[in-house]
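Trainee:
In my numbering, the protein residues as written are 1334 to 1399.
#1: May I ask which residues mark the beginning and end of the alpha helix (DSSP H) holding residue 1399?
#2: Just to confirm, does residue 1379 get its C-beta within under 6 angstroms of one of the non-hydrogen atoms of the ligand GDP?
#3: Alpha carbon to alpha carbon, how far is residue 1377 from residue 1341?
#4: Put residue 1282 into one of helix, strand or coil per three-state DSSP.
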């Protein structure tokens, strides 16, 4: 797919403004940044303790109810 920016100046302005914002924030590349491991919230001890407590209180609790 090819875009002709000359025929759509609004699209060109929209893309350029979005790119300039990203580079103003300190990005040096448009490639995805490397993320290692799980997000910190996925394995927080508080979360684990809360889920275990809920399961002790009600063994039939569903994922959606948690």
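Quick reminder that beta carbons are idealized off the backbone N, C-alpha and C, glycines included. These numbers come from a predicted model, not from an experiment.
Mentor: According to the structure data:
#1: Per DSSP, residue 1399 belongs to no alpha helix (DSSP H) and is neither H nor E.
#2: Looking at this structure, you won't find the ligand GDP or any other ligand, since it has none at all.
#3: 48 angstroms
#4: Beyond the ends of the chain as shown, which are 1334 and 1399, falls residue 1282; an answer cannot be given.
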